[in-house]
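Trainee:
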Amino acid sequence: MEEHQDVCKEHIFTKVYEDHGKQIWNFIYFKCGNTAQADDLVQDAFIKLWQNCAKVPFEKAKSFLYTVTNNAFLNEVAHKKVVLKHAALQPAKVNDQSPEFLLEEKQYLKKIENAIAGLTEAQRTAFLMNRIEGKKYKEIAEILDISVKAVEKRMSQALAALRNDIGNI
Numbered sequence: 011m012e013e014h015q016d017v018c019k020e021h022i023f024t025k026v027y028e029d030h031g032k033q034i035w036n037f038i039y040f041k042c043g044n045t046a047q048a049d050d051l052v053q054d055a056f057i058k059l060w061q062n063c064a065k066v067p068f069e070k071a072k073s074f075l076y077t078v079t080n081n082a083f084l085n086e087v088a089h090k091k092v093v094l095k096h097a098a099l100q101p102a103k104v105n106d107q108s109p110e111f112l113l114e115e116k117q118y119l120k121k122i123e124n125a126i127a128g129l130t131e132a133q134r135t136a137f138l139m140n141r142i143e144g145k146k147y148k149e150i151a152e153i154l155d156i157s158v159k160a161v162e163k164r165m166s167q168a169l170a171a172l173r174n175d176i177g178n179i
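Residue numbers for the sequence shown follow our numbering, so the first one is 11 and each next one is one higher.
#1: Would Val87 pass as a contact of Phe74 if the rule is Cβ separation under 8 Å?
#2: Please report the distance separating the alpha-carbon of Val158 from that of Glu131.
#3: Whose C-alpha, out of Glu149, Leu154, Lys146, Ala125, is nearest the C-alpha of Ala168?
#4: Output the boundary residues of the alpha helix (DSSP H) element that contains Ala64.
#5: DSSP on Gln181, reduced to helix/strand/coil?
#6: If Ala136 sits next to Ile150, beta carbons under 8 Å apart, how far is it from one beta carbon to the other, in whole angstroms?
#7: If Cys63 and Phe37 are in contact, beta carbons under 8 Å, what's the gap, nearest whole angstrom?
#8: What runs of the alpha helix (DSSP H), each 4 residues or longer, lie entirely inside the stretch 77 to 151?
#9: Can you name the start and end residues of the alpha helix (DSSP H) that Ser166 belongs to?
#10: Since I believe Thr77 is in contact with Ile34 (beta carbons under 8 Å), could you give me their beta-carbon distance rounded to a whole number of angstroms?
#11: Note the first and the last residue of the continuous alpha helix (DSSP H) segment covering Lys25.
#12: State the DSSP-derived secondary structure class of Asp49, mapped to helix, strand or coil.
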């Protein structure tokens, strides 16, 4: 055994990893129960050991790794508690509509979707560009390379077809 084993030497660092990596991984995995989280925590601990290798003597490397891994895990748990506490303080989004209203609304939306799907491609394009995107007839005419009168005709046909399909709701 060397008089002074320097963790900054690659072969010593590798020995520390081989001797303690699996044990530390098992330790933290049993605490968190998540293999990906355990992998990340152990990897971060060894990175910190490498970054602080000049300050950590070989004899203290094992306890340093356990401490860093455990502290990182506890920090993650504390952070999750804060997130959950903050989420609990948010007002719950309550839908105060009656179940009948919600069902009718779903049926109405389905009816609209079906009616729009039943339009010709030209009518549907003009209708959606006007009603959804908010484009004016002149803009639609420029985009589709047609006259404004053609857009007006497509829109009137689309609206008539929708009124016919949807009826009086």
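Glycine included, every Cβ here is placed at the ideal spot set by N, Cα and C.
Mentor: The relevant details are as follows:
#1: no
#2: 17 Å
#3: Ala125
#4: Run containing Ala64: none; DSSP gives neither H nor E here.
#5: With the chain running from 11 to 179 in the structure shown, residue 181 is simply not present.
#6: 6 Å
#7: That pair is no contact at about 21 Å.
#8: 109 to 127, 131 to 141
#9: 158 to 176
#10: Not really, about 10 Å apart at Cβ, beyond 8 Å.
#11: 20 to 42
#12: helix
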